[in-house]
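In my numbering, the protein residues as written are 4 to 183.
We put the CB at the ideal spot given by N, CA and C, even for glycine.
Below you'll find the structure, written out as structure tokens, and then a few comments.
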Amino acid sequence: MQPLKYLVGYPPHLQAQVQELIAQGRLGKRLAERYPEPHDVRNDRQLYDYVQALKDRHLRKAVPLGKVVYDSKLQVMKHALGTHTTISRVQGAKLKSSRELRIATVFRDAPAEFLKMIVVHELAHLKEAEHDKAFYQLCTHMAPDYHQLEFDLRLWLTHLELEDAEARALRQDAHRENEA
4 MQPLKYLVGY PPHLQAQVQE LIAQGRLGKR LAERYPEPHD VRNDRQLYDY
54 VQALKDRHLR KAVPLGKVVY DSKLQVMKHA LGTHTTISRV QGAKLKSSRE
104 LRIATVFRDA PAEFLKMIVV HELAHLKEAE HDKAFYQLCT HMAPDYHQLE
154 FDLRLWLTHL ELEDAEARAL RQDAHRENEA
């Protein structure tokens, strides 16, 4: 059995259940049944509007957002699904700061619930810097099923990685056949 890098912190019995779904070829189907709805947030402007609406609903008093974009440089393999940064600039005698959220482009094609989960996660960082109890309480305030969504997102990332590895193997096999 291959290690499940996105599920490392989860109990062995859960990992075993996931391994069983993978072995039976049912992981992707199970996720597609559970999360059939895609989203319509295709470009950076739509993403900004989507994030701003969630922020206005749950974090009205948080600092304003200067920029929200899909970022193709964020790599899922390095566990960067989204980032939050503060950019400070001097304007005259004042120091102005702007907050930016960057969401990995893999979420363009993710189910709607997974986009919401990553946006909620990054928005929570506007108020809570650390991944502590207060942070996760804020996440569950914005998305009551946050913890289930996070787990299922990890399953989805595992599924994507397995699909990618399978596609690479098929390409390599085809290449070897062409050379022979």
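Next item on the list: Using alpha carbons as the reference points, say which of Arg105, Pro6, Tyr149 and Arg37 lies closest to Gln18.
Entry: Start at 1 with the first residue of the sequence shown, and residue 18 comes out as number 15. Considering only alpha carbons, the answer is Pro6.
Next item on the list: Give the DSSP-derived three-state secondary structure of Val66 in the structure shown.
Entry: If you number the sequence shown from 1, residue 66 lands on position 63. Looking at Val66 - three-state DSSP - the assignment turns out to be coil, as it is neither helix nor strand.
Next item on the list: Check each candidate in Glu153, Gly12, Pro67 and Asp112 and name the one with the smallest Cα separation from Leu129.
Entry: Residue mapping note: residue 129 aligns to position 126 of the sequence shown, counting from 1. It is Pro67.
Notebook entry, point to check: Can you name, in chain order, every residue of its own chain whose Cβ lies under 6 angstroms from the Cβ of Leu152, other than the five neighbours on each side?
Noted result: What you label residue 152 is simply residue 149 of the sequence shown in a count that begins at 1. Same-chain partners within the cutoff: Glu116 and Met120.
Next item on the list: Pair every Cβ in the segment 100 to 107 with every Cβ in the segment 28 to 35, then say whether three or more of these pairs are closer than 8 angstroms.
Entry: no
Note to self: Quick check on Asp74: does DSSP put it in helix, strand or coil?
What the structure shows: Against the sequence shown, residue 74 aligns to sequence position 71. In this structure, Asp74 counts as strand in the three-state DSSP scheme.
Next item on the list: Evaluate Lys8 with the Cβ neighbour count: other Cβ atoms within 10 Å of its Cβ, from every protein chain shown; 16 or more gives buried, anything less gives exposed.
Entry: The count along the sequence shown starts at 1 and reaches residue 8 at position 5. The residue in question, Lys8, is exposed, as its Cβ has fewer than 16 Cβ neighbours within 10 Å.
Next item on the list: Would you tell me roughly how many angstroms separate the C-alpha atoms of Leu77 and Arg105, rounded to the nearest one?
Entry: Stepping through the sequence shown from its first residue, residue 77 is reached at position 74. Stepping through the sequence shown from its first residue, residue 105 is reached at position 102. So the alpha carbons of these two residues sit roughly 8 angstroms apart.
Next item on the list: Keeping to the same chain, check which residues put their C-beta closer than 6 angstroms to that of Trp159; ignore five residues upstream and five downstream.
Entry: In the sequence shown, counting from the first residue as 1, residue 159 sits at position 156. Closer than 6 angstroms at the Cβ level, and outside the excluded window around Trp159, lie Leu34.
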